[in-house]
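S.K.: Questions regarding the structure given below will be posed in turn.
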Amino acid sequence: MVRIYIDQKPYDVKPGKNLLETCLALGLDLPYFCWHPAMGSVGSCRQCAVKLFKDENDATGRLVMACMEGVRDNIYLSLTDATAHDFRSQNIEWLMSNHPHDCAVCDEGGSCHLQDMTVMTGHAYRRFRFPKRTYQNQYLGPFLHHEMNRCIQCYRCVRFYKDYAGGKDLDVFAAHNHVYFGREKDGILENEFSGNLAEVCPTGVFTDKSLREHYTRKWDMTMAPSVCQHCSLGCNIIAGERYGELRQITNRFNGAVNGYFICDRGRYGYEFVNDPGRVRQPVVRAENNEKNLFESLNAILVEGRMIGVGSPRATLEANFALRRLVGEEQFYQGIPENEARMLNKILAIQHSGHVYTPSLKETEHADVILVLGEDPTNSAPRLALALRQAVRTKPLENISGSNIPLWHDAAVRELVQDDKGELFMAYPVHTKLDELASGSLHAAPEDIARFGFAIAHYIDTNTPRPEGMDAQTLESARHMAGFLQKAERPLIVSGMTLFDVDIIQAAYQIGRALETAQRKAGLCFVVPECNSTGLAMMQAPSLTAAMKAAETGNFATAVILENDLYRHGERLEVDQFLSTFKNIIVLDHLAHDTVRKATVLLPAATFAEGEGTLVNNEGRAQRFFQVFMPKNENIRESWRWLDEFRQFQNGAMPNELRELDNLLEELVAAMPQFKGIERAAPPSDFRINGQRIPREPHRFSGRTAILANVAVSEPKPPEDVDSPLSFTMEGYRGMPPAPLIPFYWSPGWNSGQSVHKYQTETGGSLRGGDPGVRLSGEGLHFENGFQEHVPPAFERQPDEMTLVPLPHIYGSDELSVRSPSVESRIPHPYIAMNSLDAERMQTMEGDVLQVQIGGELYELTVVRKDEIPEGLAGLPYNLPSTSGIAWPAKGVLTKALL
Amino acid sequence: METPLTQHISFDRPCYNLRDYEKNGGYQALRKALSLSPENITNIVQASDLKGRGGAGFNTGMKWSFVPMNGHHPVKYLIANADEMEPGTFKDRMLMEGNPHQLIEGMIISAFAIQANISYIFLRWAYKKAGRLLKHAMDEAYAAGYLGKNILGTGYNLEMYLHTGVGRYICGEETALLNALEGKRATPRAKPPFPQVSGLFGKPTIVNNVETLCNIPHIINNGPEWFKSLGKGNDAGTKIYGVSGRVRKPGLWELPMGVSMRELIEDCAGGMANGYAFRGALPGGASTDFLVQEHMDIKLDYKSVAAAGSRLGTGTMIVLDDHTCPVGFVHNLEHFFAQESCGWCTPCREGLPWTEKILLSMERGEGRPEDLQLLEMHTRYLGPGNTFCALAPGAMEPLQSALKYFREDFEKHIDQKKCPWR
Amino acid sequence: MIAQETLTPEEMEEIDHEIALVPVRRAAAIEALKIVQQHRGWISDDSLHAIAGYLEMSPEELDSVATFYNLVFRKPVGRNVILLCDSISCYVMGYEKIYGQLRERLGISFGQTTSDGRFTLLPNACLGTCDHAPALMINNELFRDVTANDLDEILDRYH
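Residue numbers (the numbering used here), protein chains in the order written: chain C, 1 to 898; chain L, 1001 to 1422; chain P, 2001 to 2159.
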């Protein structure tokens, strides 16, 4: 700690920081624009001016930019000094000289950092009397709206988009007061993190285009802390609603997980909640027609002989409630056997004690990275952004002797130049991260696994050595082994994307070989869905096993929880499976083929209409909270439906209102591996000064009129029995515990920039610790030893192509494809292959091929990718038009007849 | 009076080729320098008190001494800043067109002193003739073994490239120049890291003005004491002084450091042109404060000019006469600076166009009384340290001094609702 | 996709020479723009794409550089480009008269091109020949001590 004096008051503060972040961490208000806690200082906006004095006797001092000055022991500064104050106010006047003053019709209004800072500095009346400069706006695609006249040229957008996220199609053009931020010409912004610009931009230049479709001011939204549903990483989000419609997703800071940024799938995928085609009403079909819902259910449930199919995209609570309903023996994971086996292996590895599972944040600090069989940009996008930071910031270690502080981004980048950390990518096709990689291997899954075994062998010669590998691949394996051994924080990223269990084993063997007394290697596994890990921890048999069990004909009823089985198996198999049941109860919110087979269909709540717990890929249990009470009372959380079923089963009409907390208690009692899960969030009876945490800002408007079309009296707000949050604007106005932060707000700080008020230090953890609990997995027993067997090399098949699934950020996730903005970015279904294979088929790029996979025929457009080995072809994974493939798969190609 | 820089310059004949240059003592300094240690050269230059002639006036040898010489930096660069674009400044053009080998020799010695193996001349696009002559001189120097591998058998290697800019005043700022050389937008960089440690492509780099580098061979040949003895006032050496505007004979002269403004205007430039009276002058380019009649006898060296409230800058003077409107004069300058702002930091990007617009409105008779306060506010807040680089503070120097010395002219514009000169 | 213009072998050879001198391809960006402008008079969107592709940059990255500088022409220019110095010494020495004369003579203001494509007129910051103000450049030639009377004779040399 060092002592600094701010306006004569002494403070003991952490060294190594700049004055701006120090002042903010001390709770002092100092305006800024270009500085960003995740991106550091560049000194362009000149907004955070303070007076710095030579010593305590210096009365004159000089203006400095707080973001460009480091904390030093015994320095004297002033924020309130008249010159500093005037300069800050003047700086705002400059910025506002060309700003359009269109706050009333600006999407940023009410959560605008520029508004906040303007008020903070005291600038009120403009003296600039000349015409303002104006710009043409650009079309930037479905995610962002562009309004350049509002720009204050802080350069944050290009620094985030280009430097931080690696985008190439946004830049700054021209010079002096004509600088322009946009694309070379109109077009879709290609980077997967472009939506963050809406939060990074301090004013309304880049705004959320999907919000625009149903615009609401921030202060008019009902908001809740939530967790992203669109991949396994579990990024924290804030979801906002008005008039029964989900309106916006923004980043919710979690220092251990997503930090300040989320991906565009997470930000724009939410509109499946508003999908007009979704399941909203209970439906009873066929012979049950004459009965009402409750009679039908009663009849079915009392009859017994049920099988339960769980879901990796449903909450732990829902899966547990299903298991309890149908009995442990009859509960199955809704995923195929090979996926279940891979997940089990991953769990075994994570709990082996020989490797280390890093948090997402920790992956940003890896010094050598090997990606084995994953394309994080598409399978776990936020991880790709984290890996990018690791590669980018690794060279900072070399400049530690230069006296340049790491927050000084402008200087650091001059010193680092084009240096990068070590990253190796092994994947069948070229990925976006390849551009950062020092090496890459494009190979079939088997050969990626063999490459992994080779690396392990070079680290520890007691492990098996793959035979018959070519010299060049062996050499890069040896090379990589050397880098990993020398690394202080080596990281291996792998996962299930390629459906190859040997890849996972190879990753483990490398990690295990790297284990020393001083350090364990980090192993980060990407798994398919937001709760794949949680479901796997329940240790239930697979969907394949359920199919086998159903063949006996012992079951009258299948209860299928939030799962389109047709996405997890071949159509014929699933048809066969479902045909064995008299009753098919389906709980879901999405309309899909399995829903269409339901005899009883129950509308399930989406993540926005209910709450529950998910376990992310690292084993972190995180709670998301209900955002709003659906107007349609038939929509309930699946776990609540299932809990009611149990009451039916016991012969009673459901009347007991159950709380989530009770269910969690039972869950932990039944499965000790989930011990600690209750700590993911405070219990429902948690209060501060007897008060709940309001989901609505205190400026929430129209409460008495919001339902005036229904009734003129002000309705009683819905009650929340499951959480300490309230559906009103009343309640505790101070800082809630981290897992319960429904939105960021602080007096004078209406935009999301107020997050620093919630942090222990600027950019650090949230006060009271970042939300989520890493589950110990107590009681889970696994074995995962060394594997002596090395899989044989890939070989081209004479009559068919071996297929590999290639996930796509926009398209491969079941939920987000129902969001119109995401839907518009789904790739055309294609088959990617080597030119030699294409020539063998006498096809050219753009031709359509018919591909016979299992019992299904797919029409796919040929895309040539020469990095793919001959005999192997890539197919977009689980697009709406390419689902129903049992992976791994082979296909017979024929030319489509015109 | 010694005029080392211009002794071999005459525009009545073609500039010296290599043979003529050598015949007149050219490249002798290089031969001598190569026999000295690099540190020794830096010490000599530092002892000579040569100050940077680009405007900042920092001790050249001291600047070189910050370059790490520990052998850990195999790549280093030396760059001649020939991007002369300060309005009213035209001295480097004369040095390059008049005697290109002098610059090249100075560069080789300087590069050797910091052990750089690559050098650039960053030349202004408009200087076509200088470009042609430099290219030819470089070819000659390569052919003669002064450039390239194993220079004069000493084992020292130096490549030299000519880079022409594409037009931006800010390229004259040394870190912006580095960005331009790297093929980027020429926005200034943060300092530290200083270019001496992390410059072009992140390698140690020295950027020196053309005139500064041209002095080096003479200092090596004649020693630091000789160089110091050349100056008349507080500073060492000679200086290329210039005068433009309504004087009888605008031009450039090499004079001892510290001649007076009177000597320069009256003796060299022949006094004011017929019918024109002196009102003031910017002593060292567009970004320096006005000096007026009362300053006629101050010495034009760094310290004396600073004491008079201005800067020696580039030493090329622009004279304001009584037929030229001071407001229009300053408007022209602020228009230039507003256009040439790189757009990186707020006060410069937004403040300069504002001052320009106010001055223009005054010229059009639309000025308001409160405009004077707004202009003064800008001169106060666009000061050093408040902006990212020195462009805007420089832009404020002529404005703040014009407000001081010619205030009644500004007021007349506002009171009469017109420019009295139009 | 727009039909993409490609670089000529000559342009590529010249650009390759510049690339060889710098540690990363994109560092040759300004040189490449100059080379192509030299050949084509200006940098069209197609030319920009072609250069960007050759330097392994995105069009945005290259245009960001191109639009920063005064003398990279992103709009077509006439066969001859007149750069009239409008800086301080030329202001004092009366460049505005020259400008008036040029406007009258050519019928264009700063930033415009004559309808026959013969001249583009641009303002230019100080040409560094202040002792011979006012000054202007046409293409690569410098004219100093220009008077209104000289203009016709000067302009007549360019077609």
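Beta carbons are placed, not taken as given, at the ideal position from N, Cα and C, and that holds for glycine.
So, do the stretch 691-706 of chain C and the stretch 213-221 of chain C have three or more beta carbon pairs nearer to each other than 8 Å?
M.R.: Segments in contact, yes.
S.K.: Give a yes or no on whether the minimum CB-CB distance between P/SER2044 and chain L is below 8 Å.
M.R.: By 1-based counting over the third sequence, the position of residue 2044 of chain P is 44. P/SER2044 does not count as touching chain L.
S.K.: Which residue spans inside the stretch 1035-1083 of chain L form an unbroken beta strand (DSSP E) run of at least 3?
M.R.: Fully enclosed beta strand (DSSP E) runs of 3 or longer: 1077-1082.
S.K.: Report yes if the CB atom of C/ASP460 is closer than 8 Å to the CB atom of C/ALA513, and no otherwise.
M.R.: To locate residue 460 of chain C, count along the first sequence from 1; it is residue 460. To locate residue 513 of chain C, count along the first sequence from 1; it is residue 513. Contact flag set, yes.
S.K.: Please confirm if C/GLN153 has its CB atom under 8 Å from at least one CB of chain L.
M.R.: Within the first sequence, the letter at position 153 stands for residue 153 of chain C. It does: the Cβ of C/GLN153 has a partner Cβ on chain L nearer than 8 Å.
S.K.: How is L/LEU1162 classed by DSSP in three states: helix, strand or coil?
M.R.: Taking the second sequence and counting its residues from 1, the one referred to as residue 1162 of chain L is at position 162. Three-state result, L/LEU1162: strand.
S.K.: Would you check if the distance between the CB atom of C/GLY734 and the CB atom of C/ILE688 is smaller than 8 Å?
M.R.: Along the first sequence, read from residue 1 onward, the residue named residue 734 of chain C stands at position 734. Along the first sequence, read from residue 1 onward, the residue named residue 688 of chain C stands at position 688. For C/GLY734 and C/ILE688, yes; Cβs fall inside 8 Å.
S.K.: Identify the residues that DSSP records as bridge partners of C/TRP749: which are they?
M.R.: Indexing the first sequence from 1 puts residue 749 of chain C at position 749. Answer by DSSP bridge pairing, in chain order: C/SER746.
S.K.: Is the Cβ-Cβ distance between L/LEU1291 and L/ASP1301 less than 8 Å?
M.R.: Stepping through the second sequence from its first residue, residue 1291 of chain L is reached at position 291. Stepping through the second sequence from its first residue, residue 1301 of chain L is reached at position 301. Contact flag unset, no.
S.K.: If we ignore side chains and look at the alpha-carbon of each, how far apart do C/TYR508 and C/ILE455 end up?
M.R.: On the first sequence, residue 508 of chain C is found 508 positions in, with the first residue counted as 1. On the first sequence, residue 455 of chain C is found 455 positions in, with the first residue counted as 1. Roughly 11 Å separates the two Cα atoms.
S.K.: Less than 8 Å between the C-beta atoms of C/MET537 and C/VAL615, yes or no?
M.R.: For the purposes of this step, residue 537 of chain C is taken as the residue at position 537 of the first sequence. For the purposes of this step, residue 615 of chain C is taken as the residue at position 615 of the first sequence. Contact flag set, yes.
S.K.: Quick one: using the 10 Å Cβ neighbour count with 16 as the cut-off for buried, is P/ASP2150 buried or exposed?
M.R.: Along the third sequence, one-based indexing puts residue 2150 of chain P at 150. Exposed.
S.K.: Quick one: grab the DSSP three-state call for C/GLY915.
M.R.: The displayed coordinates of chain C run from 1 to 898. Any statement about residue 915 of chain C would go beyond what the structure contains.
S.K.: How many angstroms separate the CA atom of L/ASN1222 from the CA atom of L/GLY1183?
M.R.: Mapped onto the second sequence, residue 1222 of chain L falls at position 222. Mapped onto the second sequence, residue 1183 of chain L falls at position 183. Whole-angstrom Cα-Cα distance: 39 Å.
S.K.: Closest to C/TYR155 by C-alpha separation, out of C/PHE173, C/LYS597 and C/LEU433, would be which residue?
M.R.: Along the first sequence, read from residue 1 onward, the residue named residue 155 of chain C stands at position 155. Minimum Cα distance to C/TYR155 is reached at C/PHE173.
S.K.: Does the Cβ-Cβ distance between L/ALA1281 and L/VAL1327 come in under 8 Å?
M.R.: Here residue 1281 of chain L refers to the residue found at position 281 when the second sequence is read from its first residue. Here residue 1327 of chain L refers to the residue found at position 327 when the second sequence is read from its first residue. The answer is no: Cβ separation not under 8 Å.
S.K.: Thinking just about the alpha-carbon of each residue, which of L/LEU1078, L/GLY1315, L/PRO1004 and L/ASN1059 is nearest to the one in L/LEU1200?
M.R.: Counting from 1 along the second sequence, the entry for residue 1200 of chain L is found at position 200. Of L/LEU1078, L/GLY1315, L/PRO1004 and L/ASN1059, the residue nearest in Cα terms is L/LEU1078.
S.K.: Leaving out the 5 sequence neighbours to the left and right, which residues in its chain are closer than 8 Å to C/GLU778 when beta-carbon positions are compared?
M.R.: As a working note, residue 778 of chain C is residue 778 in the first sequence. Within the same chain, C/GLU778 has close Cβ partners PRO672, GLN673 and LYS675.
S.K.: Taking only beta-carbon atoms, is C/LYS168 less than 8 Å away from chain P?
M.R.: In the first sequence, the residue the question calls residue 168 of chain C occupies position 168. At least one chain P Cβ lies under 8 Å of C/LYS168.
S.K.: On a CA-only basis, which of C/VAL429, C/LEU836, C/SER438 and C/THR473 is nearest C/ARG450? Give me that one, please.
M.R.: By 1-based counting over the first sequence, the position of residue 450 of chain C is 450. Among C/VAL429, C/LEU836, C/SER438 and C/THR473, the Cα nearest to that of C/ARG450 is on C/THR473.
S.K.: Counting only Cβ-Cβ distances shorter than 8 Å, please list the residues of the stretch 239-254 of chain C near chain L, keeping chain order.
M.R.: Under the 8 Å Cβ criterion, the stretch 239-254 of chain C contributes no residue.
S.K.: Take the Cβ of P/HIS2049 as the centre, count every other Cβ of all protein chains shown within 10 Å, and call the residue buried at 16 or more, exposed below.
M.R.: Taking the first residue of the third sequence as 1, we reach residue 2049 of chain P at position 49. Label assigned to P/HIS2049: buried.
S.K.: Between the Cα of C/HIS145 and those of C/ALA165, C/GLU199, C/VAL526 and C/GLY166, spot the shortest distance and give me the residue it belongs to.
M.R.: The residue you call residue 145 of chain C lines up with position 145 of the first sequence. Per the Cα distances, C/GLU199.
S.K.: Is there a Cβ from chain L that is less than 8 Å from the Cβ of P/VAL2146?
M.R.: Here residue 2146 of chain P is taken as the residue at index 146 of the third sequence, counted from 1. P/VAL2146 does not count as touching chain L.
S.K.: Could you tell me which residues DSSP pairs with L/PRO1369 in its beta bridges?
M.R.: To locate residue 1369 of chain L, count along the second sequence from 1; it is residue 369. DSSP, once it has assigned bridges, lists no residue as partnering L/PRO1369.
S.K.: I want to see whether chain L comes within less than 8 Å of P/ASP2131, judged by CB atoms only; does it?
M.R.: Indexing the third sequence from 1 puts residue 2131 of chain P at position 131. For P/ASP2131, the answer is yes, since a Cβ of chain L falls inside 8 Å of its Cβ.
S.K.: Checking 8 Å against the spacing of the C-beta atoms, do C/GLN229 and C/PHE743 come in under that value?
M.R.: As a first step, residue 229 of chain C must be located in the first sequence, where it is residue number 229. As a first step, residue 743 of chain C must be located in the first sequence, where it is residue number 743. For C/GLN229 and C/PHE743, no; Cβs fall outside 8 Å.
S.K.: For C/GLU633, count neighbouring Cβ atoms within 10 angstroms of its own Cβ and tell me buried if that reaches 16, exposed if not.
M.R.: Along the first sequence, one-based indexing puts residue 633 of chain C at 633. By the 10 Å Cβ count, C/GLU633 comes out exposed.
S.K.: In terms of alpha-carbon separation, which member of C/ASN149, C/GLY187 and C/GLY167 lies closest to C/TYR139?
M.R.: Position 139 of the first sequence, counting from 1, holds the residue named residue 139 of chain C. Considering only alpha carbons, the answer is C/GLY187.
S.K.: Find out if the Cβ-Cβ distance for the pair C/ASP367, C/LYS345 is shorter than 8 Å.
M.R.: As a first step, residue 367 of chain C must be located in the first sequence, where it is residue number 367. As a first step, residue 345 of chain C must be located in the first sequence, where it is residue number 345. Cβ distance not < 8 Å, so C/ASP367 and C/LYS345 don't count as in contact.
S.K.: In chain order, which continuous runs of the beta strand (DSSP E) of length 3 or greater are located wholly inside the stretch 1229-1278 of chain L?
M.R.: Those beta strand (DSSP E) runs which fall completely within the stretch 1229-1278 of chain L and span 3+ residues are 1238-1244 and 1251-1256.
S.K.: Please work out which residues of its chain come closer than 7 Å, Cβ to Cβ, to L/ARG1407, disregarding the five sequence neighbours upstream and downstream, and give them in chain order.
M.R.: Within the second sequence, numbered from 1, the residue matching residue 1407 of chain L stands at position 407. For L/ARG1407, where only same-chain residues beyond five positions count, there are no Cβ hits under 7 Å.
S.K.: What separation, rounded to the nearest whole angstrom, lies between the Cα atoms of L/PHE1194 and C/GLN47?
M.R.: Against the second sequence, residue 1194 of chain L aligns to sequence position 194. Against the first sequence, residue 47 of chain C aligns to sequence position 47. If I take the Cα positions, the gap works out to 24 Å.
S.K.: Of the residues that make up the stretch 33-60 of chain C, which ones have a beta carbon closer than 8 Å to any beta carbon in chain L?
M.R.: Here the close residues are VAL42, GLY43, SER44, CYS45, ARG46, GLN47 and ALA49.
S.K.: Kindly indicate which residue of C/MET120, C/ASP588, C/ARG129 and C/ARG212 has the alpha-carbon position closest to the one of C/HIS99.
M.R.: In the first sequence, residue 99 of chain C corresponds to position 99, counting from 1. Checking every option, the nearest Cα to that of C/HIS99 belongs to C/ARG129.
S.K.: Pick out whichever of L/ARG1279, L/ALA1307, L/SER1341 and L/GLY1285 has its Cα sitting closest to the Cα of L/HIS1323.
M.R.: Here residue 1323 of chain L corresponds to residue number 323 of the second sequence, with the count starting at 1. Closest option to L/HIS1323, Cα to Cα, is L/ARG1279.
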